[in-house]
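Sequence order for the protein chains is A and B.
For what it's worth, this note's numbering labels the leading residue of the first sequence as 322, then goes sequentially.
For what it's worth, this note's numbering labels the leading residue of the second sequence as 14, then goes sequentially.
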Amino acid sequence: MNKSYSNRKYIIISIFIIVGVIFIVRLFLLQVLDNEYKLSAQNNVLRYVTQYPARGLIYDRNGELLVYNEAAYDLLVIPKQIKNIDTIELCKLLKINKDGFITSLEKARKHSYYKPSVFLKQISREDYGYLQEKLYKYPGFYVQARTLRKYPIPVAAHILGYVGEVNKKDLENEKYYRQGDYIGKSGIEKYYENKLRGKKGLKIKIVDVFNRERGSFKNGKYDTIAIAGDDIYISINTELQIYGEKLMQNKKGSIVAIEPSSGEILALVSSPAYDPNLLIGRVRTENFKKLSSDTLEPLFNRATMAQYPPGSTFKIVNALIGLQEEVLFPYTKYGCQGVVSYPIVCSHDHYSPLDLLHAIEQSCNPYFWKVFKSIFEQPKFSTIQEEYNNWRKYVSSFGTGKKFDNDLINQRPGNLPPDSYFNKYYGKKGWKAITIRSLSIGQGEIEYTPLQLANLTAIIANKGYYFTPHVIKEKKNINYDNKKYKEKIFTDIDPKYFDVVIEGMYQVYEGEHGTTRWYKIKDLQICGKTGTAENPHGDNHSVFIAFAPKDDPKIAVAVVIENSGFGSTWAAPIATLMIEKYLNGSVKPNWFEEKMLNANLISKN
Amino acid sequence: MRGQKNIFHNIDWITVFLYLTLVFLGWISIYAAIYDESHKSIFDISQRYGKQLIWIAAAIIIAIIILIIDAKFFSTFAYPIYTISIISLLAVLLLGTRIAGSKSWFQIGGFGIQPAEFAKFATSLAIAKYLTTLNINLKKIKTIIKSLLIVGIPAILILLQHDMGSALVYSSFILVLYREGLAGSILILGLMIIVLFILTLVLGKFIFIGVLAGIAFLMFFFIKRNRKNIYSIIGILILSIAFVFSVDYGFENVLQAHQKKRIEILLGKKVDLKGAGYNINQSKIAIGSGGFSGKGFLKGTQTKYNFVPEQSTDFIFCTVGEEWGFVGSFVVIFLFIAILIRLIKLAERQRSVFSRIYGYGVASILFFHVVVNIGMTIGLTPVIGIPLPFFSYGGSSLWAFTILLFIFLKQDANRLEVL
Chain A
322 MNKSYSNRKY IIISIFIIVG VIFIVRLFLL QVLDNEYKLS AQNNVLRYVT
372 QYPARGLIYD RNGELLVYNE AAYDLLVIPK QIKNIDTIEL CKLLKINKDG
422 FITSLEKARK HSYYKPSVFL KQISREDYGY LQEKLYKYPG FYVQARTLRK
472 YPIPVAAHIL GYVGEVNKKD LENEKYYRQG DYIGKSGIEK YYENKLRGKK
522 GLKIKIVDVF NRERGSFKNG KYDTIAIAGD DIYISINTEL QIYGEKLMQN
572 KKGSIVAIEP SSGEILALVS SPAYDPNLLI GRVRTENFKK LSSDTLEPLF
622 NRATMAQYPP GSTFKIVNAL IGLQEEVLFP YTKYGCQGVV SYPIVCSHDH
672 YSPLDLLHAI EQSCNPYFWK VFKSIFEQPK FSTIQEEYNN WRKYVSSFGT
722 GKKFDNDLIN QRPGNLPPDS YFNKYYGKKG WKAITIRSLS IGQGEIEYTP
772 LQLANLTAII ANKGYYFTPH VIKEKKNINY DNKKYKEKIF TDIDPKYFDV
822 VIEGMYQVYE GEHGTTRWYK IKDLQICGKT GTAENPHGDN HSVFIAFAPK
872 DDPKIAVAVV IENSGFGSTW AAPIATLMIE KYLNGSVKPN WFEEKMLNAN
922 LISKN
Chain B
14 MRGQKNIFHN IDWITVFLYL TLVFLGWISI YAAIYDESHK SIFDISQRYG
64 KQLIWIAAAI IIAIIILIID AKFFSTFAYP IYTISIISLL AVLLLGTRIA
114 GSKSWFQIGG FGIQPAEFAK FATSLAIAKY LTTLNINLKK IKTIIKSLLI
164 VGIPAILILL QHDMGSALVY SSFILVLYRE GLAGSILILG LMIIVLFILT
214 LVLGKFIFIG VLAGIAFLMF FFIKRNRKNI YSIIGILILS IAFVFSVDYG
264 FENVLQAHQK KRIEILLGKK VDLKGAGYNI NQSKIAIGSG GFSGKGFLKG
314 TQTKYNFVPE QSTDFIFCTV GEEWGFVGSF VVIFLFIAIL IRLIKLAERQ
364 RSVFSRIYGY GVASILFFHV VVNIGMTIGL TPVIGIPLPF FSYGGSSLWA
414 FTILLFIFLK QDANRLEVL
C-alpha cells in the first residue's frame, strides 16, 4: 500500500533542492553582489594607528640644543572593556579626583563605546612609570606614546614660541591635522611648523572583537613610516640671550641684538620673560592662564610688538637726511640757548654753538630742530606736503613704519604717519615744519619697535643698507629658502654721509661731553646714541642704540627700558654690557654691571 | 550467522565519502575559526580543534561498532532504546548541569553528554517501528495522534530543558509522515501555519485579520456561492483568526524575551546591531566579506577575532563563508544536499519499510539542521542554536549524527538480506 506514496520522494527531494538553491542564491547576493559586508568587515578589524614623528629639534647658532622632545603618554580608554577596576586607586595613580575621572569617562563613552578615546593627556614619564606597572589591573585602559617639547635652557621663550593642540581653525585650514595633533602656536614653532612637524605615519593593525591587537594588516604593506621633522638652527647666541635676560630681570623692556653683516638676530629679549617649560604638558593650561592674566604681560613680545618713540636716537636719521639733502654739512653750526631755546628746549647743558659731530655727542635738541627745519623749508618745495613726503621717503627707506617680511611672527609695524594724517588733523594748509617739530627729536607720532631700532642701528653700522632681520640660521644641507634674507636693502642715503654720524656716535662714548662716557669699555670702539622716549602715560622710556666695533661692526644693539627715565641711565649701560659680552665673550669687572643686574625697576612703579 | 562477512560489505561508500568529507571540512573549519598563533598545531588537544579530532576518532569507532552490531538489533530494540532515551531526558531535567541557560547536559568528568542529541535517532527508530506495525494508516486520526505523541514526547521534554532549537528539530518528522501517507494537505497546512505565523508578526494581528477578512470577502465574488463553499470559507477564516490570536498570544506570553527578539530581528521589525542583532549582523559580515573566492585558509578575520559568536559551534558556517567565499559555501551546501538526496535514494531502495522510514527520519533531521543552521548564519531563519551536522564542534552532536547515519547505513548494507 505504501507504494502509492513513493512518488512523494520527488516532492521531498524537490524541497531539498529548492532550499539548496535558495541558500546559494542568498550566498551569491551576500558574498558576490553586496560589497557592504566587505567594508563592514574591514571596519571591524582594522585599527588605524597614527605614528607620530619626532618634531625637529632646535639649536642655536653654535649648535647648542634649545628644544628637544620628551616622551609623554596619553592614557586611552575603551569604555566597553572596563571591568572591575579600583577607581580610587586609579585616580590616585593618575593624580586626578573622582569627579574628573567620571567626567572623562563620560566624555569617552559619548565618543564611542567600542573605540579608544583619550582619557588623560600627557602623563609625564615619571608618572607613567608607576602607572605602567599597574596598568594590567585596569582592563580597557592603555597608553599611547606622544612627545612633549622640552627646553634644557629656559630662555628665548618669545622667539621659540610654543606647541599646543590644534584648534578648530587649524583643523579647517589644513587637512594634515587630526584632533589631538600638536601644532606650533607661536614663534619659531609656528613659523617653521611645516619643517619641524615631519610627516605622520600610519600603521594598520588588525584587532579582535575586544580591540586587542592581533598583528599588522597584510604584513604592513599599507603602513607608512613616520618621517621625523627637520632640525633647525636659529641665529640666537644662547649665551648672549641668557645674559640679556639676566640683565633685564625686574625690568620692563627689550633688547634686540643683530649681526649687521647678515641681519641675523643674536639676541631678542623681551622682559618680563617666562620659562618655556611652563607651557608644555598638563601644566600648560593653568600656567597659560596665570601668564596671560599677569599685568606685566610676560607673554607679550615687547621686542617685536611694543612701539616706542625713538627719542634722540632718531636724530641720527634726521642728520643723515640733512646731509643727503645738502642742507647740512659736518661743519654746520647752530646755537643753543639751553632750557630757553625756542621752539624746542635743550635738556643738555653744553657749550654753544655746536657742529654736527658734537651735536650728536651731546644730543642737542635745538640743533636737530634746525636741521629738520632746513630739510623741510627748501625753496624747491611749494607745499608742506611736498616737504613732508620728501622727508618721509628717506625715513621710510630705513624700514620705518612697516613690518619685516621675516620669520618673527607677531610684529607691529611701528609708526610713520602719511601726510594725510596731519592734513586731517590740522587742515591741508594748517601745518608746517614747526607744527610737527617733535619729529626732529624722535618724539610725537613716530614710533619704532625695539627690533626696528636694532635694525636702524645695523643700517648705520653698515653705512646705508640692511639685511632683513631674521632668526633662522643657515647651515649646510639645510635650505630654508633664505634668499630674501640675503638681499641688501639700501636706504636713500649715500654711504659717504655716514662717516660723520658714526664719528659722532663714537664720541657719545669717547667725547669728553659724551652722554655715555661713563660706560666706556677699554679697547672696545663702541658707537652709540641715547634716547629718552617721552611717554604720555608715565615715566619716560630709556632708549639706547649702539654698535661695535666702530670700523668692522659685529653687533648692533637696541635697548628699551620702560618707564626708567634717561637713556643714559639704564639702556646705555645694558647695551654696553651686551656688546662687551658678545665681542669679548665675558664682561670684565666694572662699576655698573652689578647695578644693572640687581636693579629692580618694576617694583618702583 | 552466515559467516562473518567484512563489516563494510555492501556499505554505501558514496554516503560514507560524503560523511567523511563533511567531517573533515568541519574539523579544519574549527581549526580556522579559532586558530591562534600560539597554538599552531591542528593536533593540539588543549584547543578545540585538537579535541574535535578525538571526537572524530571516537565517532569512527562508534560507526564501526554500529556496523558490527546485527542490523536487526535496532528494529528489534527500537522501543526499548526509545524508552531509555525518554528516561534519560527526564533524568537530565532532574539531575543535569545547567549550561548557558539550558539544563540539557550530563556532566561526566571533563565532558558533557547531551541526551537530546541521542533522542533523535531513538525517536527515528521508534517512529519507524510504529509505522511498520500491520494495518497502519496515516489517514486515520488515531495513527496520526500516536505518531505525533512518539515525536512530541521527546520534543516537549527537550523544550522543558529550555532548548527550543533541539525541540524544533522534531517538527522535521512531518516529512517522514508525509512520505508514509500523511495527507499532503497537512504538509500544506503546516506551511500555511508558518506563513500565517510570520505574517501575523510582521503585520500585527489586527491589520492581518483585516487582510484575511478582505480576502474572504473577495472570494465570495469569485467562487460558486453554494453552501459548502461559504461554510468552508467562513470556517477557514474563523480558524485563521483564532490562529492569529493564538500566535500573538503565544508570541507575547510564551516565548522568552530573547527568542522574541531574535524573531523580531529576523523579520526586520527591529534593528539592534549591538544587542540581540549583533550575532546575525556579524555573521553576515563574516560571510559577506568572503567574496567570491574567500580570504583563504586561516586568513579570515571576523571569525578568528571573535566578532562572530559561537564561531566553532553554531556559527561554524561563517568560517567557511569567510575563508572559502562563495565557492566554498557552494561546495558545502552542495555536499549537504547531495548527502540528503543520496539518503532519500537509499531509503527508497529498502525492501524493509522500517529501514525506509528510518532513512527518511535521518534525512529529515539532517535537513532541518542544515536549513536552520545555515539559514541562521545568512539571515534567513531565526537564531536557533542547533549545530550544523558533522561540522560543528562538539562530541555529543557529532556522535549522535554518526549513530543516526550509520544505523541507517547498516540497515542499507543489510537490505538484500531482508526477505
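A virtual CB, placed ideally from N, CA and C, is assigned to each residue, including glycine.
Just so we're clear, the structure is a prediction, and the values are computed from it rather than from any experiment.
Selection from the options that minimises the alpha carbon distance to residue i
i, options, result
"methionine 177(B)", "Ile24(B), Lys273(B), Ser405(B)", "Lys273(B)"
"tyrosine 564(A)", "Gly852(A), Asp420(A), Val908(A)", "Val908(A)"
"aspartate 615(A)", "Tyr595(A), Ile876(A), Cys657(A)", "Tyr595(A)"
"isoleucine 762(A)", "Tyr827(A), Pro630(A), Trp891(A)", "Pro630(A)"
"isoleucine 300(B)", "Ser361(A), Trp912(A), Trp891(A)", "Ser361(A)"
"isoleucine 333(A)", "Val257(B), Tyr183(B), Gly197(B)", "Gly197(B)"
"asparagine 803(A)", "Ala547(A), Asn727(A), Leu617(A), Gly384(A)", "Asn727(A)"
"serine 410(B)", "Val431(B), Phe367(B), Ala72(B)", "Ala72(B)"
"alanine 775(A)", "Leu587(A), Gln453(A), Ile403(A), Glu766(A)", "Leu587(A)"
"isoleucine 339(A)", "Trp412(B), Ile154(B), Phe349(B)", "Phe349(B)"
"lysine 916(A)", "Tyr512(A), Thr559(A), Lys567(A)", "Lys567(A)"
Residue interval of the beta strand (DSSP E) (run including residue i)
i, result
"arginine 192(B)", "Looking at the DSSP string, arginine 192(B) is not in any beta strand (DSSP E); the run it does join, the alpha helix (DSSP H), is 186-192."
"asparagine 390(A)", "386-398"
"glycine 248(B)", "That residue, glycine 248(B), is in no beta strand (DSSP E); its alpha helix (DSSP H) goes 240-262."
"leucine 137(B)", "The identity of residue 137(B) in the sequence shown is serine, whereas the question assumes leucine. That residue, serine 137(B), is in no beta strand (DSSP E); its alpha helix (DSSP H) goes 128-144."
CB contact below 9 Å: residue i versus chain B
i, result
"glycine 536(A)", "yes"
"valine 340(A)", "yes"
"arginine 347(A)", "yes"
"arginine 430(A)", "no"
"leucine 351(A)", "yes"
"aspartate 491(A)", "no"
Bridge-paired residues (DSSP) for residue i
i, result
"threonine 851(A)", "Phe865(A)"
"leucine 367(A)", "Ile527(A)"
"valine 464(A)", "Leu396(A)"
"tyrosine 554(A)", "Tyr380(A)"
"lysine 520(A)", "Ile548(A)"
"arginine 470(A)", "Asn390(A)"
Limits of the alpha helix (DSSP H) - the one that residue i falls within
i, result
"isoleucine 222(B)", "218-235"
"lysine 489(A)", "489-494"
"alanine 76(B)", "61-81"
"lysine 794(A)", "Per DSSP, lysine 794(A) belongs to no alpha helix (DSSP H) and is neither H nor E."
"isoleucine 423(A)", "419-432"
Below-9 Å beta-carbon distance, residue i vs any chain A residue
i, result
"glycine 125(B)", "no"
"threonine 96(B)", "no"
"tyrosine 143(B)", "no"
"valine 384(B)", "yes"
"isoleucine 199(B)", "no"
"serine 342(B)", "yes"
"arginine 192(B)", "yes"
"arginine 15(B)", "In this prediction, arginine 15(B) has a pLDDT of 47, which is less than 50 and means its spatial position is unreliable; what the coordinates show is noted afterwards. Arginine 15(B) does not count as touching chain A."
"glutamate 336(B)", "no"
"isoleucine 378(B)", "no"
"alanine 360(B)", "yes"
So, do the segment 395-405 of chain B and the segment 318-330 of chain B have three or more beta carbon pairs nearer to each other than 8 Å?
Short answer: they touch.
Cβ contact check for the segment 368-384 of chain B and the segment 415-423 of chain B: 3 or more pairs under 8 Å:
Per the Cβ contact rule, the segment 368-384 of chain B is in contact with the segment 415-423 of chain B (3 or more Cβ pairs under 8 Å).
Decide if the segment 98-109 of chain B is in contact with the segment 166-182 of chain B; the criterion is three or more beta carbon pairs, one per stretch, under 8 Å apart.
These segments touch.
Inter-stretch contact at 8 Å, needing at least 3 Cβ pairs: the segment 630-643 of chain A / the segment 816-832 of chain A:
The segment 630-643 of chain A, when compared against the segment 816-832 of chain A, does touch it at the 8 Å Cβ threshold.
Any contact of the segment 693-711 of chain A with the segment 831-851 of chain A, i.e. 3+ C-beta pairs under 8 Å?
Fewer than three pairs of CB atoms, one per stretch, sit closer than 8 Å, so the segment 693-711 of chain A makes no contact with the segment 831-851 of chain A.
How about the segment 568-576 of chain A and the segment 880-887 of chain A: do they share at least three Cβ pairs that are nearer than 8 Å?
Touching, per the Cβ criterion.
Could you say if the segment 337-351 of chain A and the segment 479-491 of chain A meet the contact criterion of at least three C-beta pairs nearer than 8 Å?
As far as the Cβ criterion goes, the segment 337-351 of chain A does not touch the segment 479-491 of chain A, which means the pair count is below three.
Check whether the segment 667-675 of chain A and the segment 720-734 of chain A are in contact - that is, three or more C-beta pairs closer than 8 Å.
Not touching, per the Cβ criterion.
Examine the Cβ distances between the segment 306-324 of chain B and the segment 39-49 of chain B and report whether three or more of them are shorter than 8 Å.
The segment 306-324 of chain B, when compared against the segment 39-49 of chain B, does touch it at the 8 Å Cβ threshold.
Between the segment 783-799 of chain A and the segment 701-712 of chain A, can you find at least three pairs of beta-carbon atoms closer than 8 Å?
Verdict: no, contact absent.
Inspect the CB distances between the segment 463-471 of chain A and the segment 435-455 of chain A and report whether three or more fall short of 8 Å.
Yes: the two stretches touch, three or more of their Cβ pairs being nearer than 8 Å.
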